[in-house]
Structure formats: structure tokens, C-alpha cells
Ligand code: IPM
Ligand code: MG
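Numbering (our numbering), first residue to last: 437 to 804.
Here you go:
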């Protein structure tokens with residue numbers, strides 16, 4: 437049987453640096469575990485614009501539709517800020533999400549014990565934290581029409597539209613309930629039903645899906661602003677949070693920071709099953725391209741490495757190998773290996789991006 441296929445789109449900024457460490461781990465999996473992938477690489481974001489005048493070529497889009505999983509680094513950078521909206525680096529990523537129909541975006545926020553003191557919150561609030569935000573990824577205000585900047589009288593008006601169909605809400609709700617069943621069986625749905633009709637519909641549909649098929653899962657609802665407050669106050673009350681595209685974007689950055697650093701958070705974006713039974717899937721760190729530190733070997737590759745672990749688990753049914761990677765990361769952190777973003781106020785000497793990758797490889801070796 438052919439090896440499973442991976443398309444690597446390292447992208448911009450620190451994307452290529454962190455992805456280089458993932459490639460080492462892919463190599464290790466082949467050499468030491470006999471887990472081999474057919475890896476191809478291509479461009480997305482600003483680097484694709486520089487090469488082809490578009491942040492994602494049709495050929496790359498087609499390739500992404502064919503492969504078993506896409507691994508993405510990051511897109512964007514100040515160099516591209518002035519570009520026309522339609523060719524901005526972010527449009528490449530949004531096109532991938534939309535055309536692959538990756539409606540369910542899993543963003544786990546897990547606080548590794550060794551990092552509990554690095555959070556801006558108190559240790560007891562974050563230690564042992566293990567929650568997942570399920571963010572709807574292909575609809576809502578990111579894609580709703582009408583959108584644009586229009587002339588209205590003698591001034592301009594900027595318009596975006598929050599729009600959700602029942603089926604869009606129902607399918608992401610279902611993925612959250614399914615995930616909760618494999619975890620602690622709790623879902624909290626967040627919207628703004630107090631001010632938005634789309635929020636009212638969201639709440640109703642999530643409740644209907646629950647009452648029809650997931651009565652065994654505990655469901656609560658929260659306004660997203662109160663949810664943000666509760667996430668800082670006592671995040672351990674949550675298990676799975678399901679929310680829309682924009683609220684999910686905000687809440688997941690916040691949840692990431694609870695764990696000590698944005699450099700730690702992986703994500704999986706999943707769609708419908710393909711002919712081979714695997715879901716359409718793209719894996720990427722939650723952090724961005726971090727242009728301020730790009731090219732300096734300072735970036736933390738852990739979020740990208742953990743995203744690959746999610747690929748092992750969700751695309752390739754290799755839960756054991758995924759756990760092996762996650763445990764290796766945990767070991768390295770427990771040993772005090774720190775990139776610059778993980779340096780506490782007491783300071784110390786940070787390791788480089790590639791030293792962090794090598795430390796994870798050494799821990800993987802030790803796991804055999
Ligand atoms: C994310 C990012 C993206 C988003 C950007 C890069 C388009 O912030 O994945 O959270 O807003 O969805
Ligand atoms: Mg974001």
C-alpha cells in the first residue's frame with residue numbers, strides 16, 4: 437500500500453523555521469518507527485505571492501485536496517500589509533479552509549505542568565488545564581456576504597456579515613459532542629444570543645442536536661463575553677467549548693496564553709471524510725508568522741510539532757505515535773529546555789528553534 441501523503445506548506449515568517457523541526461520528526465518516524473509518509477512541499481501566503489502573484493495557486497489548492505493531510509506553518513508579514521485584500525497572505529489560508537470545507541477546528545489548550553508558572557495567571561488556575569475549543573471555521577463573519585467597503589453618501593462604510601445556516605451549526609455542534617464523548621463529556625456553547633440573531637439560532641440548533649443525539653453529554657450555553665471572563669477566572673470548569681469562527685479566533689488566542697505561551701498551541705482543522713475514510717484535514721500551529729523574530733532561530737517549534745502529533749492521531753489513527761510525540765515534548769519541558777518565549781522572569785539562556793527540535797528528537801529516542 438502507498439504511504440500516506442502529506443503536503444507541507446511552511447509559509448512565511450517563522451513558518452519555515454518551525455516546520456524544519458517537524459520535518460526532523462517526520463524523518464525520525466520513518467527511520468525509527470517505520471511510519472513513512474510521501475511528503476511534498478509547496479508555497480502559501482506571502483512567499484506564494486512573491487513567486488506567483490497569488491497567495492495560493494490553483495495547483496497547490498488541487499494538491500491540498502488530494503493529499504491525506506496538509507501541514508501548514510504560518511502566513512503573513514508586514515511586507516504584505518499594503519497588498520490588495522484579495523491577494524493578502526491570509527487569503528491563501530482562508531481559501532484552503534473554505535475549499536477543503538474544514539468546518540471543525542480543534543484548538544486544544546493544555547497546560548504542561550512544567551510551564552504552569554509561565555502563565556500570566558496563578559499556577560492553581562492553570563495547572564492541569566486540558567480543554568479544547570472547537571471553532572467553526574468555514575462560515576460566519578469571515579465569509580458572510582455582503583462584505584466590502586462601500587460608498588454611502590459622502591463617506592465609506594465597511595460591511596461584514598455574520599451568517600450561519602442550521603446545517604453549518606449542526607455539523608460543528610456534532611463534532612464537538614463527539615469529541616466530548618472521548619473526553620469528559622461536557623460541552624459549553626458560546627455565542628451572543630443576547631444581541632445577535634445568528635447567536636439565537638446557534639443556541640437553538642446546538643440544543644436541538646444535543647437533545648436529539650447527545651443527551652448523554654452535558655451541555656451548557658454561555659454568552660461569549662462571559663465565556664472570555666470565565667476562561668480567565670476558572671478555565672478548568674470547561675472541557676469542550678464550541679463556538680463560531682470569530683469568537684473562536686479570539687477565545688483560542690486567550691486560551692493559548694493560559695498555557696504559558698502562544699508558541700505551544702497546535703490545531704487540527706477537519707472536514708468531511710474522503711473516499712479513503714480519512715477526514716479532509718489541515719494541521720497548523722495557532723501562533724502566527726511572528727515577523728519580529730523570524731529568521732533568528734528564536735521561535736518555539738512546539739506548537740507545530742504538536743500539530744503533527746494531532747495529524748498522527750486524527751488523520752492516521754496512530755494515537756500511540758501521537759502520544760509518543762506529546763510525551764517527548766512534555767519530557768523536554770520538564771527537563772527545563774526553553775525557547776525564548778518560555779523564559780520566566782528569572783531569565784536563563786534560551787535554546788534555539790533547532791535545539792528545541794533536537795531535544796524532542798532525543799526524548800523520542802529515549803522513548804524506544
Ligand atoms: C488563526 C489566525 C487566522 C484567523 C488568520 C491568520 C487569518 O488568526 O488561525 O487564528 O483569523 O483565522
Ligand atoms: Mg487567530
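Built from N, CA and C at the ideal position, the CB exists for glycine as well. Keep in mind it's a predicted model, so treat the numbers as computed, not measured.
Can you tell me which residues fall inside 5 Å of ligand 1, judged by beta-carbon distance to its nearest heavy atom, and keep chain order? 526 and 685
Give the range of the alpha helix (DSSP H) segment to which residue 637 is assigned. 633 to 649
Tell me whether residue 707 sits in a helix, a strand or coil according to DSSP, three-state version. strand
Starting from residue 450, trace the alpha helix (DSSP H) both ways and give me its first and last residue. Careful: residue 450 lies outside any alpha helix (DSSP H) and carries neither H nor E.
Could you tell me if the beta carbon of residue 689 falls within a distance shorter than 7 Å of some heavy atom in ligand 2? yes
Exposure label - residue 521; buried when at least 16 CB within 10 Å: exposed
Thinking C-beta only, is residue 799 closer than 8 Å to residue 767? yes
Tell me whether the region 683 to 690 and the region 469 to 483 touch, counting them as touching only if at least three CB pairs, one residue from each stretch, are closer than 8 Å. no
Counting C-beta neighbours from all protein chains within 10 Å, is the total for residue 638 16 or more, i.e. buried, or is it exposed? buried
So what does DSSP say about residue 411, is it helix, strand or coil? Since the first residue shown for the chain is 437 and the last is 804, residue 411 is missing from the structure and cannot be characterised.
Secondary structure of residue 583, DSSP reduced to three states: strand
Can you tell me which of 493, 536 and 560 puts its alpha carbon nearest to the alpha carbon of residue 524? 493
Considering only the beta carbon of each residue, do residue 507 and residue 743 sit closer than 8 Å? yes
Residues bridged to residue 622 (per DSSP): 654
Nearest CA to the CA of residue 557: which residue from 804, 712, 666 and 722? 666
Tell me the rounded alpha-carbon separation between residue 547 and residue 691. 10 Å
State the start and end residues of the unbroken beta strand (DSSP E) segment that holds residue 507. 505 to 510
Pairwise C-alpha distance: residue 447 and residue 482: 7 Å
Hey, could you find the ends of the beta strand (DSSP E) residue 478 is sitting in? 474 to 478
Would you check if the distance between the CB atom of residue 729 and the CB atom of residue 458 is smaller than 8 Å? no
Beta strand (DSSP E) containing residue 572: first to last residue? 566 to 572
Beta-carbon within less than 6 Å of residue 663's beta-carbon, same chain only, minus the 5 sequence neighbours each way: which residues are those? 626
Applying the 10 Å Cβ sphere with the 16-neighbour rule, what's the burial state of residue 679? buried
Ordered list of alpha helix (DSSP H) runs contained in the region 678 to 757, each at least 4 residues: 681 to 694 and 738 to 750
Tell me the residue span of the alpha helix (DSSP H) that contains residue 603. 602 to 617
Under a three-way DSSP split, which group does residue 529 fall into? helix
Would residue 536 pass as an interface residue toward chain C - the criterion being a Cβ-Cβ separation below 8 Å? Among the protein chains of the structure shown there is no chain C, as only one such chain exists.
Own chain partners of residue 714 with C-beta closer than 6 Å, once the 5 adjacent residues on each side are dropped: 504 and 751
Along the chain, where does the alpha helix (DSSP H) containing residue 789 start, and where does it finish? 789 to 802
Between the alpha carbons of residue 441 and residue 589, how many angstroms are there, rounded? 53 Å
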